[in-house]
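First the structure, in the form of structure tokens, and then the observations on it.
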Amino acid sequence: MAGCGKDKAKVSEKLSDPESKTENSGSGSETASETISEEGSSADKKPIGYVQYTISKIPEEIKYQGTIIAMAKWKDALGDNVVFVTETAETSNEDTRSKELYGYHYILNDDTGQLWRIYDFVKDCPLDLTLRYMDRSLEITDLDSNGIGESSFLYRLACKGDVSSDDLKLIMHEGRDKYAIRGIMDIYLNGKLFQKGEMNLDPSYQNAPGKFSEYSVSKWNKFKTDNIGE
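In short: position in the sequence shown from 1, add 34, done, that's our numbering.
What follows is the structure, encoded as structure tokens:
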């Protein structure tokens with residue numbers, strides 16, 4: 035049983051939507067997201083540059099919603115890259131609660147532009163709300179050694195009033211190409227398996243290098259367990 039109570043709350047996801055509008059939580063103004071028409075060439079298969087995972091200042095022209103909770107910067111065939119994940123504060127409306135999560139990828143060249151954006155949320159939840167980035171899950175790799183970095187991270191979400199599994203999602207990108215795993219977490223209650231989870235790979239992995247699915251499944255397995263009562 036999925037833990038998001040979809041009959042009682044709106045839980046949704048919008049992925050790789052570079053045309054959507056975004057808003058910087060500090061500026062309070064909306065701006066149409068930029069897109070990049072050229073993704074660079076992978077003919078020169080140089081390894082990606084040093085990856086920096088600390089949260090640092092980003093250019094003022096980059097607009098976003100929420101608070102940055104994870105960030106990675108690196109250099110590859112596309113240019114200077116920054117990927118970051120944000121969460122909004124939980125809001126209340128009478129007896130319900132809502133929260134949003136975003137992911138962004140920008141290329142920081144002379145003409146800074148947005149490569150992709152994801153958006154997910156739990157809205158109008160009358161029970162216990164969860165929408166949370168999985169700590170230390172943001173990673174940059176170059177699994178196919180083509181000089182373009184892949185980004186991946188996980189987050190969990192739920193609207194529930196019982197002991198049941200949270201939904202879990204893994205989102206991976208190489209350039210604008212998106213791959214995802216969606217399912218529910220394993221629950222261990224006082225050290226014993228209480229509910230077995232599920233893992234569903236998107237069909238997009240069928241057209242990707244085999245290392246992409248191998249890596250993603252291995253990463254999913256590292257984060258899929260929810261230990262309760264320990």
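C-beta atoms are modelled at their ideal positions from N, C-alpha and C, and glycine is treated no differently. Given the structure is predicted, the values throughout are model-derived calculations rather than measurements.
Trp254 has no beta-bridge partner at all, per DSSP.
Taken through DSSP and simplified to helix, strand or coil, Gly231 comes out as coil. Residue range 147-159 is occupied by the beta strand (DSSP E) that includes Ile152. The C-beta distance from Asp114 to Ile182 rounds to 13 Å, too long to meet the 8 Å contact threshold. By the C-beta criterion, the region 149-161 is judged to be in contact with the region 128-138, since at least 3 inter-stretch pairs fall below 8 Å. Closest option to Leu149, judged by alpha-carbon separation, among Gln229, Asp260, Asn127, Glu184: Glu184. Phe228 is not a Cβ neighbour of Tyr239, given a cutoff of 9 Å. Distance check between Ile221 and each of Leu235, Thr175, Gly231 places Gly231 closest, using alpha-carbon atoms only. Restricting attention to Asn143, Thr120, Leu161, Lys256, the CA atom closest to the CA of Gly195 is found in Leu161.
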